[in-house]
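This report refers to the structure that appears directly beneath it.
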Amino acid sequence: MTAYDTEPQSDLDGGKAALVDALRDALGENLRDVWVLDQRTQEPLYVRTDVADRIEDVDVEKHIDNERYGFVTRQTYNLLHYSEFRYTHRGFDTWELFRTFVAADGQQVGVLVGVDSDGTNYDFGALTDTIHDLGDEYGIAAFQPIPPEDR
Numbered sequence: 191m192t193a194y195d196t197e198p199q200s201d202l203d204g205g206k207a208a209l210v211d212a213l214r215d216a217l218g219e220n221l222r223d224v225w226v227l228d229q230r231t232q233e234p235l236y237v238r239t240d241v242a243d244r245i246e247d248v249d250v251e252k253h254i255d256n257e258r259y260g261f262v263t264r265q266t267y268n269l270l271h272y273s274e275f276r277y278t279h280r281g282f283d284t285w286e287l288f289r290t291f292v293a294a295d296g297q298q299v300g301v302l303v304g305v306d307s308d309g310t311n312y313d314f315g316a317l318t319d320t321i322h323d324l325g326d327e328y329g330i331a332a333f334q335p336i337p338p339e340d341r
């Protein structure tokens, strides 16, 4: 077993379980990992076994810290543009990263989703809608990451 929880976490409930289930339904076996983050901590909700093996020696926190800049850039884009910023997509040679935020009442939680890069044309707009709908249904508190020391 690696340092990261792998598929699927049986202790997830409520919004987090619904999030992983919805992403697995939409992406199937191409789903690599799902993380939630706030400005201080992050929580892995799902990490596929082969991905967990690959990131075992990687400083994942540094990668996720970089994604935390999204809390600032989201606000900046929303102030600069006439339309709302919805998601970010990054392509790597073997995988793709999708990031969106669930926000309500001044609170925000980031959702990071890794998918295989295999030529599939993912509908990130539809994934964003699904995640936002779950945020509306369960409330933002249901997606707050639990710090490692409290798990």
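Heads up, this note's numbering is the position in the sequence shown plus 190, with the first residue counted as 1. Don't be surprised by glycine CBs; every beta carbon is placed ideally from N, CA and C.
Using only CA atoms, which one of the options lies nearest to residue i?
i: glutamine 229; options: Tyr312, Phe291 and Glu219; result: Phe291
i: glutamate 339; options: Lys206, Val226, Glu219 and Gln232; result: Gln232
i: asparagine 256; options: Glu246, Leu287 and Leu217; result: Leu287
i: glycine 325; options: Val301, Gly260 and Ile254; result: Val301
i: proline 337; options: Glu251, Asp243 and Ser307; result: Glu251
Can you tell me which of the three DSSP states residue i falls into?
i: aspartate 195; result: The predicted model places aspartate 195 with a pLDDT of 45, which falls under 50 and marks its position as unreliable; any figure quoted below should be read in that light. Reduced to three states, the DSSP call for aspartate 195 is coil.
i: histidine 279; result: strand
i: tyrosine 272; result: coil
i: arginine 214; result: helix
i: proline 337; result: coil
i: leucine 202; result: coil
Should residue i go down as buried or exposed, given a rule of 16 or more other Cβ atoms within 10 Å for buried?
i: alanine 193; result: Here alanine 193 scores only 46 on pLDDT, less than 50, and its place in the model should not be relied on; the value that follows carries that caveat. By the neighbour-count rule (16 or more Cβ atoms within 10 Å), alanine 193 is not buried but exposed.
i: arginine 341; result: exposed
i: arginine 280; result: exposed
i: isoleucine 330; result: buried
i: leucine 235; result: buried
i: valine 248; result: exposed
i: glycine 390; result: In the structure as shown, the chain begins at 191 and stops at 341. Residue 390 is therefore absent and cannot be evaluated.
i: leucine 221; result: buried
i: glycine 205; result: buried
i: leucine 270; result: exposed
Do residue i and residue j have their C-beta atoms within less than 8 Å of each other?
i: tryptophan 285; j: valine 305; result: yes
i: phenylalanine 333; j: valine 299; result: yes
i: threonine 318; j: tyrosine 277; result: yes
i: threonine 320; j: alanine 212; result: yes
i: valine 210; j: aspartate 223; result: no
i: valine 226; j: proline 335; result: yes
Sequence ranges, alpha helix (DSSP H) only - wholly within the region 278-335, length at least 4: Every alpha helix (DSSP H) of 4 residues or more that sits fully in the region 278-335 is shown, in chain order, as 314-328.
Please give me, in chain order, every unbroken run of the beta strand (DSSP E) with length at least 3 that falls completely inside the region 218-264. Runs of the beta strand (DSSP E) lying entirely within the region 218-264, each at least 3 residues long, are 221-227 and 232-237 in chain order.
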